[in-house]
Each structure stands twice: as C-alpha cells, then as structure tokens.
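Residue numbers (this note's numbering): 929 to 1207.
Notes follow the structure.
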Amino acid sequence: MKNNYKKIQRYFAHLLEPDTADSGLAKAVDIFITTVILLNITALILDTVPDIPFFYKENFLFFEIFTVIIFSAEYLLRIWIAPVTEKYSVFKKPRLRFIISFYGIIDLLAVIPFYLNYLFGLNYYFLLVFRLFRLLKLFRYFTALQLLGRVFRAKFQELFFALFFIIIMLIFVSFTMYYVENKAQPDVFRSIPETMWWGIITLTTVGYGDMHPVTPIGKFLGGIIALMGIGLFALPAGILAGGFSSELQKIAESHESSEKSNLICPHCGKELPKNNHSE
C-alpha cells in the first residue's frame, strides 16, 4: 500500500516537474500551465481597459476563477509531492522547504489575492498588483528565465555595490542641485527628496523636462551629471553582460563534456570514434 502511494506521488512529480517533461503527458501539462499563465496575464491587462463590454468582463471573472482552481490544485500537489522530488527530498521537512522556497512563495502569491478578496472583501483592484506574481511562475518553465535568475544570483554582490554607488551619486547630485537651484526655483526644487526625481531622470538621461535648472551653474552641473549618468548606468549593464557570458560559457562547456562522455566505450573505457558511436 505504501509503495503504491509512493508510485502515485512519483507519477505526479513526473507530470509537474519541468525537468522531466521531455515528451508525452508531462510535456502537455507544462504547455497547459504555461498557456494558462500567459492567458491570465493577458486577461489581467485587458480587464483594465474601460471600453471593454461588461459581457467580456464577466468572462474574465469566470476565467479568473478557473485559473485560481488550476493554480491552487497545482500548489497543493507540489506540496504533496515535495518528499519525492529531487530538489526537496534531501531536506528533513521537504514540504515546509518547498512552501518557503522561491517557487513556493510565488505559487502562493499567485492565488492568495483571490481568496483575500473572497473571504475578507479586500479591494480587488488593490490586489491586482499581486496577481502579477503569476508571471514569475514562468521562471519554472522557461530556460532563458532560469538563466537570468542564475546570472542575478552569481552577480548579486557586484550588482549590489553598483546599485549602492548609484544611490550615493544620486544623493550627492540631488544635494548639489537643490542648493544651487532652490533660490532661483523655490517652487520646483522645493526639497532634496523632490530634487531626487530630477537626479534620477538626469542620471538615466531620460530628461522629461518637468524639472530643469535655469541658473548658469545649475545648467553646467546638469550637463556634467547627465554625462556621468551615461557611464554610471553602463556599470550594472556590463556586470550583467559578463554574467550572461559566463553562464553561456558554462552551458557550452557542459554540452562539450556531455558529448565527450558519450564517446567513451562503456566496456573498455576507451574513447570511440564519432562514426562508430553513431552506429
């Protein structure tokens, strides 16, 4: 009886775990859940359009209920199968480990807005932002998104220092511009926090024009700060580019080692020619 229970758990783990979905029903489950996620995000976007007829908005509600049922069932199943999955079975409490993991939290946030609205009558539109967490569920199914996550984890320290440096520069230029422009434009550069908006727009070279210096010194400093921003925001871009290059190199090396290992004779351990291997 216990063996049958474990078999059923492993079967559902095979259906739900993306790394096992090469073909068959498991692949179909992955495609179905991915499609539901994308359609749900599309419905969430269209639901904010005021000119859509009420009939379609009702259908959006029915689709939301259908989506919540699917995502809730998936979340509960993933908690149930955690003890037999490769990633969580090594822990003493695999189910708890899944619940507090990145994907476990994302899966919970994908459905909890609906239940909070239904049970406690919270503002549904206020909770719309939490429904966007469903988009993060795609990380489980797309290799490119997983690669992005690995790059951020590998380069977290460098990105943190780059962000810290950008914040220091933002504070410095905002202080400087406030004291230069406040007397000339007291209604525009009213405080340092408000001047930080100008600092962000200038350092990123966006330049909306809602706040701009009018004094000669302010214009000079504004030009210098804009030029600094070009190089400043190139720093995290360079870090991410280096991270992607490293990760892609690791993938290429992994494929090469895999190909070489396939050319080893399992009996004598000698390397086989490619033409013999293909036979």
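Ideal Cβ positions, reconstructed from N, Cα and C, are used throughout, including at glycine.
Note that this is a predicted model, so its numbers are computed, not measured.
Mind checking residue i: buried by the 16 CB within 10 Å criterion, or exposed?
| i | result |
| --- | --- |
| L1155 | exposed |
| S1102 | buried |
| L1131 | buried |
| A941 | buried |
| V1012 | buried |
| Y1107 | exposed |
| R1006 | buried |
| I936 | exposed |
| A1169 | exposed |
| G1159 | exposed |
| I1009 | buried |
| N968 | buried |
Would you mind giving the Cβ-Cβ distance between residue i and residue j, rounded to the nearest angstrom? I have them listed as a contact below 8 Å.
| i | j | result |
| --- | --- | --- |
| V957 | S1000 | V957 to S1000, Cβ: 16 Å. No contact. |
| L1163 | A1082 | Actually they are not in contact, since the Cβ atoms of L1163 and A1082 sit about 16 Å apart, beyond 8 Å. |
| E1002 | L944 | 7 Å |
| R1068 | Y1031 | 6 Å |
| L1098 | G1137 | Not really, about 19 Å apart at Cβ, beyond 8 Å. |
| V964 | T995 | 6 Å |
| E1109 | P1141 | 5 Å |
| W1125 | M1105 | Going by Cβ atoms, the distance from W1125 to M1105 rounds to 11 Å, so no, they are not a contact pair. |
Straight-line CA distance for residue i to residue j?
| i | j | result |
| --- | --- | --- |
| F988 | V977 | 12 Å |
| R1078 | F1084 | 10 Å |
| R938 | K955 | 16 Å |
| L1150 | I993 | First, the amino acid is wrong: residue 1150 is Gly here, not Leu. Taking the straight line joining both Cα atoms gives about 52 Å. |
| I961 | P1041 | 19 Å |
| L1036 | F1026 | 11 Å |
| F1092 | F1161 | 12 Å |
| F1095 | K1111 | The question names Phe, but residue 1095 in the sequence shown is Ile. Each residue's alpha carbon lies about 25 Å from the other. |
| D975 | G1166 | 38 Å |
| Y1016 | R1023 | 8 Å |
| F1100 | E1184 | 49 Å |
| L972 | I959 | 20 Å |
| L1075 | I1179 | 10 Å |
| K1021 | L1044 | 28 Å |
| F990 | I980 | 16 Å |
| P1121 | V1134 | 18 Å |
| T998 | Q1113 | What sits at residue 998 in the sequence shown is Ile, not Thr. Cα to Cα, the separation comes out at about 56 Å. |
Is there a Cβ from chain D that is less than 7 Å from the Cβ of residue i?
| i | result |
| --- | --- |
| A1010 | You won't find chain D in this structure, because it holds only one protein chain. |
Query raised in the report: Should the region 1146-1161 be called in touch with the region 1062-1073, which here means at least 3 C-beta pairs below 8 Å?
Result: no
Query raised in the report: Are three or more beta carbon pairs between the region 1135-1150 and the region 1103-1122 nearer than 8 Å?
Result: yes
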